[in-house]
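Quick note on my numbering: the sequence shown kicks off at 1 and runs consecutively.
For each residue, glycine too, the CB sits at the ideal point set by N, CA and C.
Since we're looking at a predicted model, the values are computed, not measured.
For reference, the structure is listed below as structure tokens.
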Amino acid sequence: MARGGARPGAGRKPGIPNRVTADIKALAQSYGEEAIDTLASIMRNTDTPPQARVAAVKELIERGYGKASQPIGGADDLPPIKVAAVELTDDQLASIAASSSR
């Protein structure tokens, strides 16, 4: 029997977080409602510095609606960037597939 190296089916399955990560995530989620209430309180408090109120508003909006999309663009006076896809022949693709399966 061969020794060493990776064995089929061994190790943690892909996409499964380690226990510490899962425990921390569960603990953080237990404070979710309280955290949102705190952000709302900061947002509503007129004695809070404006920067803190804006930060609270931003967090609440992003948590509720997702982050705003960011358009990607360049200078108006420059032409758009063209991206050329590389076309490979069937033989080249087969060669790449064969070398990656070794």
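Taking the alpha helix (DSSP H) that G124 falls in, what are its first and last residues?
The chain is shown only over 1 to 102; residue 124 falls outside these bounds and no answer can be derived.
Please look up how many angstroms separate the CB atoms of R53 and I42, rounded, as I've assumed it's under 8 Å.
With 8 Å as the limit, R53 and I42 qualify as a contact, their Cβ atoms being about 6 Å apart.
Report yes if the CB atom of A56 is closer than 8 Å to the CB atom of L39, and no otherwise.
The answer is yes: Cβ separation under 8 Å.
Hey, could you find the ends of the alpha helix (DSSP H) S30 is sitting in?
R19 to S30 is the extent of the alpha helix (DSSP H) around S30.
Quick check on DSSP: helix, strand or coil for E87?
Note: E87 maps to coil in three-state DSSP.
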